[in-house]
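First up is the structure itself, then whatever we jot down about it.
Protein chains: 2
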Amino acid sequence: MLSNRPMSELSSLSRTALADLGQKLEARYSAFKARGLSLDMTRGKPSAEQLDLATDLWKSPQGSFLAKDGTDGRNYGGLDGLPEMKEIFAALFDAPAAQVIVGGNSSLQIMHDTVVRAVTHGVPGGSEPWGKLSKVRFLCPAPGYDRHFAICEHFGIEMLNIELGPEGPNMDQVESLVASDASIKGMWCVPKYVNPTGITYSDRVVDRLAAMKTAAPDFRLLWDNAYAVHDLYPETDPLKNILTACKAAGNENRPITFASTSKVSFAGSGISAMASSPANVADAKKHLGFQTIGPDKLNQLRHVAFFKDYPGMLRHMARHAEILRPKFEAVTDIFQNELGGKGIATWTKPRGGYFISLDTLDGCAKEVVSLGNQAGVKLTVAGATFPYGKDPRDRNIRVAPSLPPLDQIKAAMEIVCVCVELASVRKLLA
Amino acid sequence: MLSNRPMSELSSLSRTALADLGQKLEARYSAFKARGLSLDMTRGKPSAEQLDLATDLWKSPQGSFLAKDGTDGRNYGGLDGLPEMKEIFAALFDAPAAQVIVGGNSSLQIMHDTVVRAVTHGVPGGSEPWGKLSKVRFLCPAPGYDRHFAICEHFGIEMLNIELGPEGPNMDQVESLVASDASIKGMWCVPKYVNPTGITYSDRVVDRLAAMKTAAPDFRLLWDNAYAVHDLYPETDPLKNILTACKAAGNENRPITFASTSKVSFAGSGISAMASSPANVADAKKHLGFQTIGPDKLNQLRHVAFFKDYPGMLRHMARHAEILRPKFEAVTDIFQNELGGKGIATWTKPRGGYFISLDTLDGCAKEVVSLGNQAGVKLTVAGATFPYGKDPRDRNIRVAPSLPPLDQIKAAMEIVCVCVELASVRKLLA
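In order, the protein sequences belong to chains R and H. Quick note: the first sequence, position 102, residue 102 per my numbering, numbers continuous. Quick note: the second sequence, position 43, residue 43 per my numbering, numbers continuous.
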């Protein structure tokens, strides 16, 4: 989180100077509006250029449809994935392959289904299905991923906002809550390159999450490592292994980790996976056996043929970074140039992931998004990054720079900055 | 169901003659045992030869990754399937494409998830989630598909056996139960080429299922049309459209139909789909939006490129039939030659699907399966085709002739016939 040093902060201006600035901004804004642009900064989707990196997955005739162990990839079976695909995810999770379950094309589905199983049947160490309890609560570091929050809301799981700082969730808050409230059964975490702030949990945060005492014996960390390999720079943000940290702390069943190749190979046709303790994995497999005969093994074989191994996947991600880095830097450069030192916004400068998070003055996010929309820049709905869609300070805006071309990003961000400044002036004058 | 005419029925033999026959059979059986065979007749899986029919789906470079409507198949989206894939399933279901949802590689998953949604949230027309009710019951025509029954058992849904005859379920029994018991919320149906008997529901049965009065306002027919296009002969068994029949009877929301290409293209990498009323489809989509961003669209595009259209799929199925028909006929020919007229077994002669059902004398199925196993012929566990794995008459054996080569099938069936006769003699002598 960059805190911009006050240089010529708007709040220090006289009302006359502010009004004068406001007039200039209204004029600039009107000019933008008149251009009738249509720019979409809402979607955390890879661009066509990124998808082209994996064209061979689609176009080239593949090798054998037989897995290493002789399994015919075309036929039924393989409930938890082919050994060679498990090995790649085992390296990604830094977990034994036996503790990996390979799924279909959607890690969201694995997460959703993990919650469903807990609701209908409970989890190892729990005494009953969560659905039988009068109240189940989850901790939700926010801003965070709206689809995590949506799953909770859909299943009647009450969400408690947890402040998300530069090192991760506010652990004093977390520890105090989980220690005293047995209805708190879980916590959503995107530990690396958090959606949307881009920060990575520190070792200290990981250790505290692993070791903290929870009133609920069946508390679960739903650890969505969605951006495990999504570095923008050659050096990755190190993330401590939650599986080993929890095991060392005597809480082996606490974490369930998730990942996918959706933003590695193809967003709609990747491979998802989870890793957890032997007990959680056995439990998940037992349930999976009722749901499916197995995920698409041919797609696993395609992916193995394409990446070869985990280092191959990392090399592939370096090519994504070449495309994404200039887009991310364009956004933060424009923020710095247009908003720097004005005391009206802070933003993150992520070293990976898919989003940049912009915080306006309190009470301005909705207006900025509305102004942006009217000027043809579609931004993620203000509040979407918080449980129940409610940003208590109405200040967070999620910016998704991956999909549009660079020139569109620059045009859109210039407009967004004017919107931020205009909303700030209006607020200060109000 | 072929009822074999009494010719020289075993039950009419004297004890001496029976004992004499028993000795001969024991000798034949011992000779088989000594051969140390290993034949597996348990799995309803396509053979490699069948899978080879779709080799182009795997090996050949495919066309464009863009769908007709411009959707990039590689990226996120397409919650309910691409239009061109929906069209093919719309033809299969004989339903409007707007009432079709295309899923991933597993229709079992769509069915499982349909039940889960009813358990956690209820269904349109119902007043509460099924999981909140003290008792939920399902009617299960039996013999039937073990994985349907397993889903019920997993979610605590009590199953009631319904007699399955040559025209379908015993409708007097069905109508009387659903009319009087509001806890009966659903019924599993494999309406065409039933697993395992191979019969197809008559029009009269379909009409009665569509029109019957149910005490539960949210009663559902889970209509697993798994073998919709799986004919062994040029003429298909006609099956009346349950969607239109229910709509005509004023019960539009009653049926949810399922199908897949698992036994059409690749068993592990096919495309699944469901079709239902607009209300059920809207409800399913609402829930799906929490579970996934969409199924694998590239696999849909591959399938569309391969089949072109529904008639193309039917032409492909005719090639499967060429492979499967001799296997099915070998089984029923051997049954006829070895067991015909002996009054100890009846069997079905399906015109499609994946199974042949053999009924022994009451109380003999477990012994036949055990004898078969000891002689190296693996048969589906006796009882597996009934709810809770309990065949009340212990007589049904499911034979799956698709996977093994023809010579193995013949060898296995010869042994099975000896086992049936031996078990029958033992029973008659007991």
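A virtual CB, placed ideally from N, CA and C, is assigned to each residue, including glycine.
Amino acids of chain R, ordered along the chain, whose beta-carbon sits closer than 7 Å to that of residue i
| i | result |
| --- | --- |
| Q408 of chain H | Result: empty, since nearest Cβ-Cβ is about 17 Å, beyond 7 Å. |
| H154 of chain H | F290 |
| F266 of chain H | R74 and L298 |
| S106 of chain H | T292 and I293 |
Interface residues of chain R facing residue i [CB-CB closer than 9 Å]
| i | result |
| --- | --- |
| G17 of chain H | Correcting the residue identity first, residue 17 of chain H is Ala in this sequence and not Gly. By Cβ distance, chain R contributes nothing, its closest Cβ being about 46 Å from A17 of chain H, past 9 Å. |
| P46 of chain H | R74, N75 and Y76 |
Cross-chain neighbours of residue i in chain H, by beta carbon under 8 Å
| i | result |
| --- | --- |
| Q109 of chain R | Q291 and T292 |
Short CB-CB distance (under 8 Å) between residue i and chain H
| i | result |
| --- | --- |
| I505 of chain R | Absent from the model: residue 505 of chain R. The displayed extent of chain R is 1 to 430, so no value can be given. |
| W58 of chain R | yes |
| L51 of chain R | yes |
| G341 of chain R | no |
| S3 of chain R | Only weak support exists for where S3 of chain R lies, its pLDDT of 45 falling under 50; the value from the coordinates is given anyway. With 8 Å as the cut-off, S3 of chain R does not count as an interface residue toward chain H. |
Spatial neighbours of residue i in its chain, beta-carbon cut-off 7 Å, leaving aside the 5 residues before and after
| i | result |
| --- | --- |
| F328 of chain H | L232, P350, I356 and P401 |
| G104 of chain R | S272, P295 and D296 |
| Q173 of chain R | I162 and E163 |
| F487 of chain R | Nothing can be reported for residue 487 of chain R: it is not among the residues displayed for chain R, which extend from 1 to 430. |
| N170 of chain H | I162 and E163 |
| H316 of chain H | L53, V264 and F307 |
| L361 of chain H | I344, R395, S424 and K427 |
| V369 of chain R | L379, V381, A382 and I397 |
Own chain partners of residue i with C-beta closer than 6 Å, once the 5 adjacent residues on each side are dropped
| i | result |
| --- | --- |
| S12 of chain R | none |
| A91 of chain R | Y310 |
| P217 of chain H | G125 |
| N195 of chain R | Y145 and F355 |
| E153 of chain H | none |
| G389 of chain R | G383 |
| S276 of chain H | I256 |
| L403 of chain R | R43, K45 and S47 |
| T332 of chain R | K349 |
Same chain, Cβ closer than 8 Å to residue i, five either side skipped, listed in chain order
| i | result |
| --- | --- |
| A303 of chain R | One detail in the question is off: residue 303 of chain R reads as His in this sequence, not Ala. So the list reads L57, M85, I88, T261, S265, G270 and I271, once near-sequence residues are dropped. |
| P405 of chain R | S47 |
| P6 of chain R | Unreliable placement is indicated for P6 of chain R, whose pLDDT of 43 sits below 50; no coordinate value is reported for it. |
| I363 of chain H | Rather than Ile, the amino acid found at residue 363 of chain H in this sequence is Gly. Correct list, in chain order: R393, D394, R395 and K427. |
| L221 of chain R | G186, M187, C189, L209, I242, C246, R254, P255 and I256 |
| L314 of chain H | V229 |
| S8 of chain R | G341 and K342 |
Chain R within 8 Å of residue i, Cβ atoms only
| i | result |
| --- | --- |
| H112 of chain H | yes |
| I151 of chain H | yes |
| P6 of chain H | With a pLDDT of only 43 at P6 of chain H, under the threshold of 50, the placement of this residue in the model should not be trusted, and no figure is reported. |
| F65 of chain H | yes |
Contact set between residue i and chain R, taken where Cβ atoms lie within less than 8 Å
| i | result |
| --- | --- |
| S269 of chain H | G73, R74, D296, K297, L298 and N299 |
| F307 of chain H | Chain R residues near F307 of chain H: none, gap ~16 Å exceeds 8 Å. |
*Check each residue of the region 117-130 of chain H: if its Cβ is closer than 7 Å to any Cβ of chain R, include it; give the result in chain order.*
Under the 7 Å Cβ criterion, the region 117-130 of chain H contributes V119 and T120.
*Whole runs of the alpha helix (DSSP H) within the region 80-156 of chain R, excluding any shorter than 4 residues*: Counting whole runs of 4 or more residues, the region 80-156 of chain R contains the alpha helix (DSSP H) stretches 83-93, 107-121 and 146-154.
*Inside the region 274-304 of chain H only - alpha helix (DSSP H) runs reaching at least 4 residues*: DSSP runs (the alpha helix (DSSP H)) wholly in the region 274-304 of chain H: 278-291.
*asked:* Ignoring anything shorter than 4 residues, give me the alpha helix (DSSP H) runs that lie fully in the region 22-58 of chain H, in order along the chain.
replied: Runs found: 48-52.
*Taking the runs of the beta strand (DSSP E) that are 3 residues or longer, which of them lie wholly in the region 327-385 of chain H?*
Listed in chain order, the complete beta strand (DSSP E) runs (minimum 3 residues) inside the region 327-385 of chain H are 345-347 and 356-360.
_Entirely enclosed beta strand (DSSP E) segments - the region 215-241 of chain R, minimum 3 residues_ = Entirely contained in the region 215-241 of chain R, the beta strand (DSSP E) runs reaching 3 residues are, in chain order, 220-224.
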